[in-house]
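Q: These protein sequence lines map, in sequence, to chains X and Z.
Counting in my numbering, the first sequence runs from 815 upward without gaps.
Counting in my numbering, the second sequence runs from 815 upward without gaps.
By construction, the Cβ of each residue, glycine as well, lies at the ideal position given by its N, Cα and C atoms.
After the structure tokens below, expect a handful of questions from me.
Number of protein chains: 2
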Amino acid sequence: MERKLILITNDDGVGAQGIQELAQLMLQLGDVIIVAPDSPRSGAACYITCTQAITLGRRVDMEQEGLQVYACSGSPVDCVKLALEQVCPRVPDLLVSGINHGDNASCSIHYSGTMGAVLEGCMKGIPSVGYSLRTLKRKCDFSPYAEQVRLIAQTVLSQGLPQDVCLNVNFPEVAELAGMRVCRMGRGRWVQEWISANNPRGMNAFWLTGRFLNLEPHSEDTDYWALDHGYGAITPIQIDMTAYSVMDSLKSLES
Amino acid sequence: MERKLILITNDDGVGAQGIQELAQLMLQLGDVIIVAPDSPRSGAACYITCTQAITLGRRVDMEQEGLQVYACSGSPVDCVKLALEQVCPRVPDLLVSGINHGDNASCSIHYSGTMGAVLEGCMKGIPSVGYSLRTLKRKCDFSPYAEQVRLIAQTVLSQGLPQDVCLNVNFPEVAELAGMRVCRMGRGRWVQEWISANNPRGMNAFWLTGRFLNLEPHSEDTDYWALDHGYGAITPIQIDMTAYSVMDSLKSLES
């Protein structure tokens, strides 16, 4: 039987610790191809590069048996698109993205390059999973999550995922997980998002920052609650964003 | 009674024809503040700028009675975040984005900077609507859509929208609309997405291009079908991307 083919990307860049740890875990399940941004692309969402050409370079220095590595000048979504058309010898059996340094729970999924890549894989029909760790550190201990990362990937490899559905998996930074929970995406928003950048030439200039506001801190079925209480959160995410429940109320706009 | 305050942005940049036309229509409904990218940002999705400071400059040359205009060096989502915290004197009654040159129907919503800005407004609790025209032209006749653009904005201004729901409005390029339909987001994907960029220094380099593949061309309730048949499409979009219907099937991953 042919070995499974697993495509890996991220938004922290090919040199990040999280993607290297993920690659080592995935090598236990199949052959691995990394196509990842050549530098960090946090907050890239589903950004696609329309205004310039994308370069792709092989990083043989980072390769090992069963592992090919490519660095790409584009976004995480560009990486997936490029991998599927220009790099992979066949359609991958699984796409995994991460492990992101920073969580992508609640509304943060909309800004996440990690999850942008996962949505792209999903739209291309590939079972796709994003992994993120709630941490501010560039160097982390990923060992408390290794078993769950592998187990979820293995399950998706063997069972697949429903059409147009992918997984957003988030871990809290803990020595030992309280467990794993299947969650919905919690309601939240970012507030107090700008600080002045003190531009020396007198222009108004600002740095993006911000604080996350959990709009339902007591809802135990949300991803954010799980993280706050030491659980890993598995949230199924769908491509279809239609708000079906309100379609009828808009009928007065038809003509 | 205080005049309504309408915030406008887009992803084609402050100088695009579509945003200027939209501003003139919105001035019939209230005071208008434009905070838009200083140059085109197509494909920006929900990109947020984390790695550099954002500048904001007033464009008094583009202003008129009731209209303030700001150009921002960031993404469409940055523009909305900056407008709400640093520019608007009060919370806007409405956010509109566009009119985009190019449709954002089906899966294209995930890549759309126009709709990224709309999702951001929606997450901030502001009734938000994106308008897009299926055209390849930089200079278009927007008059066939003016009445519908205004009518939808007026309705949303007076009735609001449900919590965490925004609108994605797409028009076909026609002399006269066949009508307006409330639609769901059709299934589709982009294929054949890269052409070689003939890099003179021998690197692998590619330009993003592609062809849209409609995966359900005969489904009359989709946005894409509506556009193909001369109708304007009004698609309600929700922030919550949870795939509720598959949560039970994932319970085996809990621990």
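Go through its chain and collect everything with a Cβ distance to Asn918 of chain X's Cβ below 7 angstroms, but skip five positions before and after it.
A: Within the first sequence, the letter at position 104 stands for residue 918 of chain X. Closer than 7 angstroms at Cβ, skipping near neighbours: Ser926, Thr928, Met929, Gly944, Ser946, Asn982 and Asn984.
Q: When the Cα atoms are used, what is the spatial distance from Asn1018 of chain X to Pro906 of chain Z?
A: Within the first sequence, numbered from 1, the residue matching residue 1018 of chain X stands at position 204. Within the second sequence, numbered from 1, the residue matching residue 906 of chain Z stands at position 92. Cα-Cα distance, rounded: 21 angstroms.
Q: Which residue's Cα is closest to the Cα of Leu821 of chain X: X:Ser920, X:Arg1003, X:Glu1030 and X:Cys936?
A: The sequence position of residue 821 of chain X within the first sequence is 7, counting from 1. Checking every option, the nearest Cα to that of Leu821 of chain X belongs to X:Cys936.
Q: Just to confirm, is the Cβ distance from Arg952 of chain Z to His915 of chain Z under 8 angstroms?
A: Start at 1 with the first residue of the second sequence, and residue 952 of chain Z comes out as number 138. Start at 1 with the first residue of the second sequence, and residue 915 of chain Z comes out as number 101. Cβ atoms of Arg952 of chain Z and His915 of chain Z: closer than 8 angstroms.
Q: Closer than 8 angstroms between beta carbons: that is the criterion. Which residues of the segment 820 to 843 of chain X meet it against chain Z?
A: Per Cβ criterion, the list is empty.
Q: According to the neighbour-count rule (16 or more other Cβ atoms, all chains shown, within 10 Å of its Cβ), is Gln973 of chain Z buried or exposed?
A: Start at 1 with the first residue of the second sequence, and residue 973 of chain Z comes out as number 159. The residue in question, Gln973 of chain Z, is exposed, as its Cβ has fewer than 16 Cβ neighbours within 10 Å.
Q: Let me make sure I understand the geometry here. Which of Z:Phe956, Z:Arg995 and Z:Val1005 has the alpha-carbon closest to that of Val988 of chain Z?
A: The residue labelled residue 988 of chain Z in the question sits at position 174 within the second sequence. Measuring from the Cα of Val988 of chain Z, the nearest candidate turns out to be Z:Phe956.
Q: Could you tell me the alpha carbon to alpha carbon distance between Gln962 of chain X and Leu870 of chain X, rounded to whole angstroms?
A: Within the first sequence, residue 962 of chain X is the residue found at index 148, counting from 1. Within the first sequence, residue 870 of chain X is the residue found at index 56, counting from 1. Distance between the alpha carbons of Gln962 of chain X and Leu870 of chain X is about 32 angstroms.
Q: Are three or more beta carbon pairs between the segment 890 to 904 of chain Z and the segment 1001 to 1019 of chain X nearer than 8 angstroms?
A: Touching, yes.
Q: Note the first and the last residue of the continuous beta strand (DSSP E) segment covering Asp1070 of chain Z.
A: Residue 1070 of chain Z is absent from the structure shown; chain Z starts at 815 and stops at 1069.
Q: Taking a cut of 8 angstroms between CB atoms, which residues from the segment 843 to 869 of chain X lie near chain Z?
A: Listed in sequence order: Pro854, Ser856, Gly857, Ala858, Ala859, Cys860, Tyr861, Ile862, Thr863, Cys864, Thr865, Ala867, Ile868 and Thr869.
Q: Using 8 angstroms as the limit for Cβ to Cβ distance, is Gln1052 of chain Z near chain X?
A: Here residue 1052 of chain Z is taken as the residue at index 238 of the second sequence, counted from 1. Yes, its Cβ sits closer than 8 angstroms to a Cβ of chain X.
Q: For Ala1019 of chain X, would you say it is in contact with chain Z, using Cβ-to-Cβ distances shorter than 8 angstroms as the test?
A: Stepping through the first sequence from its first residue, residue 1019 of chain X is reached at position 205. Judged by the 8 angstroms Cβ criterion, Ala1019 of chain X is in contact with chain Z.
Q: For a contact meaning CB atoms closer than 7 angstroms, what does Cys921 of chain Z contact in chain X?
A: Translated into the one-based positions of the second sequence, residue 921 of chain Z becomes position 107. Residues of chain X passing the Cβ test: Met937 and Ile1053.
Q: Tell me the residue span of the beta strand (DSSP E) that contains Tyr1045 of chain Z.
A: Against the second sequence, residue 1045 of chain Z aligns to sequence position 231. It spans Tyr1045 to Gln1052 - the beta strand (DSSP E) in which Tyr1045 of chain Z sits, taken as one unbroken run.
Q: At 3 residues or longer, and completely inside the segment 836 to 884 of chain Z: list those beta strand (DSSP E) runs for me, N to C.
A: Listed in chain order, the complete beta strand (DSSP E) runs (minimum 3 residues) inside the segment 836 to 884 of chain Z are 845 to 851 and 868 to 872.
Q: For Tyr925 of chain Z, which residues in chain X fall below 7 angstroms Cβ to Cβ?
A: Here residue 925 of chain Z refers to the residue found at position 111 of the second sequence. Within chain X, the residues near Tyr925 of chain Z are Cys860 and Ile862.
Q: Using C-beta distances below 8 angstroms, list every residue in its chain close to Val970 of chain Z, excluding the 5 sequence neighbours before and after it, in chain order.
A: Reading the second sequence from its first residue, position 156 is the one you call residue 970 of chain Z. Excluding sequence neighbours, Val970 of chain Z sits near Leu908, Pro941, Val943 and Leu981.
Q: Using a Cβ-Cβ cutoff of 7 angstroms, what residues of the segment 952 to 975 of chain Z are near chain X? List them in chain order.
A: From the segment 952 to 975 of chain Z, only Ile966 and Thr969 have a Cβ closer than 7 angstroms to chain X.
Q: Closest to Val828 of chain X by C-alpha separation, out of X:Arg872, X:Gly1024, X:Leu843 and X:Thr865, would be which residue?
A: The sequence position of residue 828 of chain X within the first sequence is 14, counting from 1. The shortest Cα separation from Val828 of chain X among X:Arg872, X:Gly1024, X:Leu843 and X:Thr865 belongs to X:Arg872.
Q: Are at least three pairs of beta-carbons, each pair with one atom in the segment 874 to 882 of chain X and one in the segment 875 to 895 of chain Z, less than 8 angstroms apart?
A: Because the criterion of three Cβ pairs below 8 angstroms is not met, the segment 874 to 882 of chain X and the segment 875 to 895 of chain Z do not touch.
Q: If I follow the unbroken beta strand (DSSP E) through Ala931 of chain X, where does it start and stop?
A: As a first step, residue 931 of chain X must be located in the first sequence, where it is residue number 117. From DSSP, Ala931 of chain X is part of no beta strand (DSSP E) but of the alpha helix (DSSP H) over Gly927 to Met937.
Q: Looking at the C-beta of Ser1069 of chain X, does it have a partner C-beta in chain Z at a distance below 8 angstroms?
A: By one-based count along the first sequence, residue 1069 of chain X stands at place 255. Yes, Ser1069 of chain X lies at the interface with chain Z (some Cβ there is under 8 angstroms from its Cβ).
Q: Taking the CB atoms as reference points, tell me whether Cys954 of chain X and Gln831 of chain X lie closer together than 8 angstroms.
A: In the first sequence, residue 954 of chain X corresponds to position 140, counting from 1. In the first sequence, residue 831 of chain X corresponds to position 17, counting from 1. Contact: yes.
Q: Out of X:Gln838, X:Gln866 and X:Ser922, which has the shortest C-alpha to C-alpha gap to Gly857 of chain X?
A: Counted from its first residue, the first sequence places residue 857 of chain X at position 43. Comparing Cα positions, the closest option is X:Ser922.
Q: Would you please state the rounded distance, in angstroms, between the beta carbons of Leu1022 of chain Z and Cys864 of chain X? I believe it to be under 8 angstroms.
A: Locating residue 1022 of chain Z in the second sequence gives position 208, where the first residue counts as 1. Locating residue 864 of chain X in the first sequence gives position 50, where the first residue counts as 1. Confirmed, about 6 angstroms.
Q: Measure the CB-CB distance between Met1061 of chain Z and Thr1056 of chain X and report whether it falls below 8 angstroms.
A: Numbered from 1 along the second sequence, position 247 holds the residue referred to as residue 1061 of chain Z. Numbered from 1 along the first sequence, position 242 holds the residue referred to as residue 1056 of chain X. In this structure, Thr1056 of chain X does not lie closer than 8 angstroms to Met1061 of chain Z by Cβ.
Q: Between which two residues does the beta strand (DSSP E) containing Cys980 of chain Z stretch?
A: The residue you call residue 980 of chain Z lines up with position 166 of the second sequence. Where Cys980 of chain Z is concerned, the enclosing beta strand (DSSP E) stretches over Val979 to Phe985.
Q: Could you give the DSSP three-state label for His924 of chain X: helix, strand or coil?
A: Working through the first sequence from its first residue, we reach residue 924 of chain X at position 110. Correct three-state label for His924 of chain X: helix.
Q: If I follow the unbroken beta strand (DSSP E) through Val894 of chain Z, where does it start and stop?
A: Within the second sequence, numbered from 1, the residue matching residue 894 of chain Z stands at position 80. Not the beta strand (DSSP E): Val894 of chain Z falls in the alpha helix (DSSP H), residues Pro890 to Leu896.
Q: When you compare the CB of Ile1048 of chain Z with every CB in chain X, is at least one pair closer than 8 angstroms?
A: By 1-based counting over the second sequence, the position of residue 1048 of chain Z is 234. Yes, because at least one Cβ of chain X sits closer than 8 angstroms to the Cβ of Ile1048 of chain Z.
Q: Using CA atoms only, rank isn't needed, just tell me which of Z:Arg995, Z:Gly1024, Z:Asp1054 and Z:Ile868 is closest to Gly1002 of chain Z.
A: By one-based count along the second sequence, residue 1002 of chain Z stands at place 188. Taking only the C-alpha atoms, the option nearest Gly1002 of chain Z is Z:Gly1024.
Q: Residues in the same chain with beta-carbon distance under 8 angstroms from Gly1046 of chain Z, minus the five sequence neighbours each way, listed in chain order, please.
A: Here residue 1046 of chain Z refers to the residue found at position 232 when the second sequence is read from its first residue. Here the set comprises Tyr959, Gln962, Val983, Asn984, Phe985, Pro986, Leu991, Gly993, Met994, Arg995 and Ala1040.
Q: Given this structure, state the Cα-to-Cα distance separating Tyr861 of chain X from Pro854 of chain X, to the nearest angstrom.
A: What you label residue 861 of chain X is simply residue 47 of the first sequence in a count that begins at 1. What you label residue 854 of chain X is simply residue 40 of the first sequence in a count that begins at 1. Answer to the nearest angstrom: the Cα atoms are 14 angstroms apart.
Q: Closer than 7 angstroms by C-beta to Cys997 of chain X: which residues in its own chain qualify, once you throw out the five before and the five after it? Chain order, please.
A: Walking along the first sequence from the start, residue 997 of chain X turns up at place 183. So the list reads Asp1035, Thr1036, Asp1037, Ala1040, Ala1047, Ile1048 and Thr1049, once near-sequence residues are dropped.
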